[in-house]
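Each remark here refers to the structure printed beneath this line.
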Amino acid sequence: MKRRTLLATGAGAALAAAMGMPASAQDKTKVGFIYVGPINDGGWTQHHHHSAMEMVEHFGDAVEFVYQESVPEGPDAERAITQMALGGADIIFTTSFGFMDPTVNVAANFPNVKFEHATGYKQADNVSVYSARFYEGRAIQGTLAGRMTTTNKVGYIASVPIPEVIRGINAAYIHAKKVNPDIEFKIIWIFEWLNPAKEADAAKALIEQGCDVVLQHTDSTAPHQAAREAGGVYTFGQAADMAEFAPMPRISSIIDNWAPYYIDRVQAVMDGTWSSVSTWDGISTGMVGIGEVSDVVPAEWKAEAEAMRDAIAAGTYHPFTGPINKQDGSPWLAEGETASDGDLASMFFYVEGVEGEIPS
Amino acid sequence: MDINPILLLAALMVASTPILLAAIGELVVERAGVLNLGVEGMMIVGAVCGYIAGHSSGDPYLGFLGAVFAGAAVSLVFAVLTQFLMTNQVATGLGLTLFGLGLSALIGMRAEGTPDLTVAKLALPILSDIPVLGAILFRHDLVVYLSILLVAGVWAFLTYTRAGLILRAVGENHEAAHALGYNVRLVRVLAILFGGGCAGLAGAYISLVRVPQWIDGITAGAGWIALAIVVFASWKPWRLIAGAYLFGGVTVLQLNLQAEGLKIPVEYLSMAPYLATIIVLVMIRAGRAPASLGKPFHPSS
Amino acid sequence: MLRLEKRPQPSRGWTYGAPVLAVFLTIVLGMGLFALLGKDPLVAIRTIFWDPIFGPFAHFYRPEIIKKAAPLVLIAVGLSFGFRAGIWNIGAEGQYIIGAICGAAVALAFYPMDARWLIFPLMIAAGVLGGFLWAMIPALLRVRFNTNEILVSLMLVYVADVLIKAFSIGVLRNPEGFGMPGSRNLRQYPSAANLDLIPNSGLHWGSLVALFAVIFAYILFTRHHFGFQVRLAGQSPRAARFAGINANRLVILCLGISGALAGVAGMFQVAGPSGQILGSFPSFYGFTAIIVAFLGRLHPVGILCAGLIMALTYIGGQAAEAQLNLPAAAILTFQGMLLFCLLAVDVLTNYRFRLGQGEAR
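Residue numbers (the numbering used here), protein chains in the order written: chain A, 5 to 364; chain B, 837 to 1137; chain C, 36 to 396.
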């Protein structure tokens, strides 16, 4: 049954495409997702998929949901996206930075299909971009890290040297330093987003070098396992709450929550009000969720972290508020000045006090 | 300086164990004259099967056992194809890697873990009481010791036993071995199964001890590194340990140096072991590689 | 007891019949697999093998198949020379990557100059040269030190892989890319882009060169002395020595040809379908091409067919993933089974089954 509708809409779309007509003649809104990893990767893709499923639940029968997992970046992505557009999708979410050029290319061929690209910067009339201000969550993690450490050494497992990751390091460092002037960050780049074995090794190396808090910008739970084995080490969930490791070692988390955005955008397609936008949301809209601070954190510090969360959500506090100098000592933000989105989007320097160099 | 050399050594042993295990299996296979490029595929099937067996039974050792059987079962496909249906070993091995990656992901789709499954560390009596060293080097889990015992066992087998001699003869000159009345194919099939079992165990060590969890593609190229180590060791069992610890060591060391804040070109450093392997290859010249390596054998020819 | 007996001559019938049997076997096995996963097996098979060629969207899929097959065929044809001569370059993936890096580097060095007549030929030359030189490492080491070329070429794949990952976030990173990894997109640089020559035909320069390579190899194997040398060296190294064939020269030539073709394939790919130097650029093409070479029985025309079939399973497989929500892993497993079957049935071409006890086991 499902197959027949699929073929029928497919043929219709082909005809429509051939005649240059809009493909959205069916009653259901067809929503497509292109994922870079498998839907059970436990991290990035899994969370996009969860959010997509929430969106589907919200709309029920009003949407038809299709997805494709483990799509390699490059020409295969372009084909997968085209295929979905040909299949009659009304809106397609492509959820990896590497899908940027393929998305833009395909979008040019399908002016009546809406595209939403995660974490990119190339917009078009039918291409929106969206991303999350994960650095807001990093500020809270940094505060907790600075409070909880007794060795004053905080480990940071960094993935790929891009502005998003560097922002995270800076945000965490600034706030750790604020509550603990003796803090020292040890940063390890693993050059991958998900490699459990390497993440485990990195976490162990950090712990052996005396770090008793390990932050991660990689997707697996391997660092938590390592921390649990070592004992007395605090970690933070990444992308997922990773609550199975609470209350120890996981003391809080940054949760990717794309569902409100997905519901919003699909609704816009249904209402015919969709327009190309560039969205960069944070804690205030719930796109960045802060996982429950566990009870091993003393109440006053927990309250401090939660107050910061609320202040960021209310817009009364910006994690990058001057005075902040760059690593080489040159001034970046003056007293009271907050960073512009442009500066943040292309951030490629450490702030003063962080040791080491960004690999490039 | 925050690097503790003893801790580093201990971490290195754990990080190197999977590649050492897979490599000792592949070494036997290659000494029998067979080149099985499917190590990665066998490893990852072992990783997922070991994970499932371990977590569903609640006993990690049953997990390891399951992984050995799973790895051997997958390698049996390779054995039948290359030994009886005379397929090309290089192509079949590559096919085995693709197949294994796919199959493991299929099997693992619904794999669920229990968080409390841990593999006990085993403190070796007396040795573990040695100050400093003992606490670190001799308090590992069973599989770490097993990997070293396996190396010793393979060395003794190849050097001192008649069966080992036959295996080497098959690898050096299968025509002559055949003429002497040895069953070339049987020897090779057994060697391949041993290699598969070792690779499976290696995979399970990753999914049950080193990480420990199951995720698609968790072996992340370790099988290919195992292939490199066999060459690095110039097909000598003891040198495998050096090779595995060098490869594992470079990884662990670079992570430690980074944490130390040293400016090292990490992106380029990871080439070092492969370049070292090429240099070793040049220094040992050929000759030492099993002469029949990768060549097909049919009894009537 | 069933035993195998070598045929004095490869069977003509089975040469053509075996691949058909293999595809049939795979389809049966694959249907079992898909049924196990709760999908309609007939629909799955049709989606993979039939729809991309004859289905409603064939106009889109056919060129995609050609584009996917082009690098596979190009690399595999190059490899077939060495494989026939018993020279095992399994590092085509590395030569492919280096060719792409060199080709892209040339283009990026000239950016944004507008001179396609100069830049594009230079890129091709750089791709050829890059792949060739990368292949010369195992070739010269074998000639000079008698090192095993299988292993050296394989090690160099890892090295190339490390290099492209480092370059994509290092020297070749797009300076206007907001710090994201990846080079400039060559497809948006008219002087360097390798686009379809006829829009939506799948025929870019890479596909054409692949076709030329097939024809060229065919002529070389059937009409030229070099083809004879290659075959003789593979069948009987001793006879080849007696015939005065210079083994070292053969090693250099065979590895050189395969390296050059793999390199130029990488260059066409990075300037066309891929567009960018990215960490994810290496996609196992060089290894898949080895399989293609064997599936094609090391014969140029066979390789062309094998490359197209392999491409079809990728394209159709991806379509099945999207339309039937088959997990990506199922397609990978299915491809693995197809390879095993295709390799296995080849036994029928060179051997026959006999009942009874043979002179040896």
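Quick reminder that beta carbons are idealized off the backbone N, C-alpha and C, glycines included. Bear in mind the structure is a predicted one, so any value in this text is a computation, not a measurement.
Tell me which residues share the same chain as residue i and place their Cβ nearer than 7 Å to its Cβ, disregarding the 5 neighbours each side in the sequence.
i              : result
residue 103/C  : 346, 349, 350
residue 182/C  : 176
residue 15/A   : A caution first: residue 15/A carries a pLDDT of 40, below 50, which makes its placement in the model too unreliable to give a value.
residue 1137/B : Caution is warranted here: a pLDDT of 46 is assigned to residue 1137/B, below 50, making its placement in the model unreliable, and no coordinate value can be reported.
I'd like the span of the beta strand (DSSP E) that includes residue i, first residue to last.
i             : result
residue 33/A  : 33-38
residue 121/A : 118-122
residue 976/B : 975-977
residue 189/A : 188-193
residue 365/A : Past the edges of chain A, shown from 5 to 364, lies residue 365/A, and the structure says nothing about it.
residue 323/A : Run containing residue 323/A: none; DSSP gives neither H nor E here.
residue 336/A : 335-337
When you compare the CB positions of residue i and residue j, do they come within less than 8 Å of one another, or not?
i              : j              : result
residue 57/C   : residue 340/C  : no
residue 1035/B : residue 879/B  : yes
residue 1028/B : residue 924/B  : no
residue 127/C  : residue 241/C  : no
residue 132/A  : residue 123/A  : no
residue 46/A   : residue 250/A  : no
residue 154/C  : residue 170/C  : no
residue 39/A   : residue 72/A   : yes
residue 238/C  : residue 101/C  : yes
residue 335/C  : residue 194/C  : no
residue 907/B  : residue 1032/B : yes
residue 308/C  : residue 79/A   : yes
residue 158/A  : residue 217/A  : yes
residue 972/B  : residue 846/B  : yes
residue 313/A  : residue 294/A  : yes
residue 310/A  : residue 292/A  : no
residue 1077/B : residue 979/B  : no
Excluding the 5 residues preceding and the 5 following residue i in the sequence, name in chain order all residues of the same chain whose CB lies nearer than 6 Å to its CB.
i             : result
residue 204/A : 226, 230
residue 26/A  : Here residue 26/A scores only 45 on pLDDT, less than 50, and its place in the model is too uncertain to base an answer on.
residue 4/A   : For chain A, the structure presents residues 5 to 364; residue 4/A sits outside this window and is missing.
residue 210/C : none
residue 84/A  : 38, 72, 75
residue 160/C : none
residue 252/A : 300
residue 812/B : In the structure displayed, chain B extends from 837 to 1137; residue 812/B sits before or after that span and is not available.
residue 98/C  : 235, 236, 237
Within its chain, find whatever has a CB closer than 8 Å to the CB of residue i; leave out the 5 residues flanking it on each side and keep chain order.
i              : result
residue 312/C  : 135, 136, 139, 199, 202, 203, 207, 217, 218, 305
residue 1060/B : 875, 876
residue 365/A  : The structure shown does not extend to residue 365/A, since chain A is modelled only from 5 through 364, so no value can be given for it.
residue 109/A  : 82
residue 279/C  : none
residue 280/A  : 127, 128, 129, 130, 131, 132
Just grab the DSSP bridge partners of residue i for me.
i             : result
residue 389/C : 38/C
residue 240/A : 256/A
residue 72/A  : 38/A
residue 162/A : 193/A
residue 134/A : 122/A, 283/A
residue 97/A  : 37/A, 120/A
Could you spell out where the alpha helix (DSSP H) holding residue i opens and where it closes?
i              : result
residue 1114/B : 1108-1120
residue 294/A  : No alpha helix (DSSP H) contains residue 294/A, which is instead part of the beta strand (DSSP E) from 292-295.
residue 175/A  : 167-183
### Three-pair Cβ contact test at 8 Å for the region 1079-1097 of chain B versus the region 203-222 of chain A
yes
### Query
Touching or not, the region 997-1007 of chain B and the region 874-894 of chain B, by the rule of three or more beta carbon pairs under 8 Å?
no
### Task
Answer yes if the region 852-861 of chain B comes into contact with the region 1061-1081 of chain B, meaning at least three C-beta pairs across the two stretches below 8 Å, and no otherwise.
yes
### Message
Assess contact between the region 81-96 of chain C and the region 323-331 of chain C, defined as three or more Cβ pairs (one per stretch) separated by less than 8 Å. Is contact present?
### Response
no
### Task
Determine contact between the region 1037-1052 of chain B and the region 838-848 of chain B, defined as no fewer than three beta-carbon pairs at a distance below 8 Å.
Because the criterion of three Cβ pairs below 8 Å is not met, the region 1037-1052 of chain B and the region 838-848 of chain B do not touch.
### At least 3 beta-carbon pairs within less than 8 Å: the region 298-308 of chain A vs the region 326-333 of chain A
no
### Message
Taking contact to mean 3 or more Cβ pairs, one atom from each stretch, closer than 8 Å, check whether the region 884-900 of chain B and the region 988-1003 of chain B are in contact.
### Response
Contact fails: fewer than three Cβ-Cβ distances are below 8 Å.
### Task
Assess, as a yes-or-no matter, whether the region 134-149 of chain A is touched by the region 277-294 of chain A under the definition of 3 or more beta carbon pairs within less than 8 Å.
Counting Cβ pairs under 8 Å, three or more are found: they touch.
### Message
Does the contact criterion of 3 or more C-beta pairs under 8 Å hold for the region 157-166 of chain A versus the region 332-351 of chain A?
### Response
Because the criterion of three Cβ pairs below 8 Å is not met, the region 157-166 of chain A and the region 332-351 of chain A do not touch.
### Message
Is it the case that the region 355-374 of chain C contacts the region 55-73 of chain C, given that we only count it when at least three CB pairs across the two stretches are under 8 Å?
### Response
yes
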